[in-house]
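In what follows, a structure is listed as structure tokens, so that the remarks can point back to it.
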Amino acid sequence: MTGKFKNLLVLPLLALLAFFSGDLAAEAEIVQLPITLDYPLLQKLIISRAFHEKNESVILVNEGGGCIYLALSHPKVMEEKGFIRLETEVSVRAGTPLAGECFAPLAWKGYLVLHQQPQINNQTWQLSFKTYRSALFENNRQPAKIAGLLWQLIESRVFDYLNTITIDLAPPVNDLKEFLSPLFPPQVQQQTQTMLASLRTGETRITADAVTLQVLADVHEVYKPEDSRFTETLSGKE
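The sequence shown begins at 22 in our numbering and counts up one residue at a time.
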């Protein structure tokens, strides 16, 4: 995981080498270093964090020998109308377990779709996702109407679980600080350490292809617009 994340910032931060070639500026320039997570990569990260059981699944409830059961599987991540669209298959069953039997069971299988916005904690570098709306769909992709008991089970367990998914960006950022420091010339090591210490979170943006997280750095050099070519996208397809 760390190896993939490391590549996210290597080229943008190496671009800062060019910033130390001229005269020192009187004040620091704030430089934006984008981390670009395309949706195949984001999907892989979410699977590794929250769908880590067999066949990209997670069992949230399994009681009474399966009489009360709730599982999610096969998440898919994409952009839709300015949101991150997280879709997951849902399998839910609710009955009354008694004497080894399951009485009056209700069951449903379909899809849950969440529309989310990314958030990043500027202290911990934890990337999380806030849900703004949700919907259930049948297997034929038509809107679903399910029994109240089943909905209560989904509502009480699924949303809290999915809303607690986080991706930790702190380890790769710290690794990069150690990796990059010796790459800068000795005569600018003081400026280098100041710049690396200033790394902090900026805005998050959603595009059709990816989620972009801005990492901000204070650089005591005049910013050169032509250096923006050093932005890198790490593809989850690689």
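By construction, the Cβ of each residue, glycine as well, lies at the ideal position given by its N, Cα and C atoms.
Helix, strand or coil at residue i [DSSP, three-state]
{"i": "alanine 125", "result": "strand"}
{"i": "proline 193", "result": "helix"}
{"i": "serine 202", "result": "helix"}
{"i": "leucine 157", "result": "strand"}
{"i": "aspartate 230", "result": "coil"}
{"i": "serine 69", "result": "helix"}
{"i": "serine 177", "result": "helix"}
{"i": "histidine 241", "result": "coil"}
Residues near residue i by beta carbon distance below 6 Å, same chain, minus five either side
{"i": "phenylalanine 180", "result": "none"}
{"i": "tyrosine 153", "result": "His136"}
{"i": "lysine 97", "result": "Glu108"}
{"i": "tyrosine 60", "result": "Val98 and Met99"}
{"i": "isoleucine 167", "result": "Trp129"}
Rounded separation between residue i and residue j - CA only
{"i": "leucine 237", "j": "valine 52", "result": "6 Å"}
{"i": "lysine 198", "j": "leucine 133", "result": "40 Å"}
{"i": "phenylalanine 64", "j": "glutamine 208", "result": "Per the sequence presented here, residue 64 reads as glutamine, with phenylalanine not at that position. Cα to Cα, the separation comes out at about 43 Å."}
{"i": "serine 219", "j": "glutamine 210", "result": "14 Å"}
{"i": "asparagine 143", "j": "tryptophan 172", "result": "35 Å"}
{"i": "proline 118", "j": "leucine 91", "result": "15 Å"}
{"i": "leucine 170", "j": "proline 139", "result": "31 Å"}
{"i": "arginine 162", "j": "alanine 156", "result": "11 Å"}
{"i": "glutamate 74", "j": "proline 203", "result": "41 Å"}
{"i": "threonine 145", "j": "tyrosine 182", "result": "20 Å"}
Distance between beta carbons of residue j and residue i, contact taken as under 8 Å
{"i": "valine 82", "j": "arginine 178", "result": "6 Å"}
{"i": "phenylalanine 104", "j": "glycine 116", "result": "That pair is no contact at about 35 Å."}
Of the listed residues the options, nearest to residue i (C-alpha basis)
{"i": "leucine 201", "options": "Asp189, Pro139, Met216 and Thr187", "result": "Met216"}
{"i": "phenylalanine 102", "options": "Glu74, Arg226 and Val111", "result": "One point to set straight first is that residue 102 is lysine, not phenylalanine, in the sequence displayed. Closest option to lysine 102, Cα to Cα, is Arg226."}
{"i": "threonine 185", "options": "Ala165, Leu157, Ile175 and Gln147", "result": "Gln147"}
{"i": "glutamate 159", "options": "Ser112, Arg70 and Gln138", "result": "Ser112"}
{"i": "isoleucine 188", "options": "Ile67, Tyr60, Glu122 and Pro55", "result": "Ile67"}
Neighbourhood of residue i by C-beta distance below 8 Å, restricted to the same chain and skipping five residues each side
{"i": "asparagine 76", "result": "Ser94 and His95"}
{"i": "isoleucine 141", "result": "Gln147, Leu148, Ser149, Leu190, Thr222, Thr225 and Leu234"}
{"i": "lysine 130", "result": "Glu110, Val111, Ser112, Val113 and Asn160"}
{"i": "glycine 87", "result": "Arg114 and Cys123"}
{"i": "isoleucine 89", "result": "Val82, Asn83, Arg114, Ala115, Gly116, Pro118 and Leu174"}
Chain C within 8 Å of residue i, Cβ atoms only
{"i": "threonine 109", "result": "Absent from the structure is chain C; it holds one protein chain and no more."}
Spatial neighbours of residue i in its chain, beta-carbon cut-off 7 Å, leaving aside the 5 residues before and after
{"i": "alanine 231", "result": "Thr57, Leu58, Asp59, Tyr60 and Thr254"}
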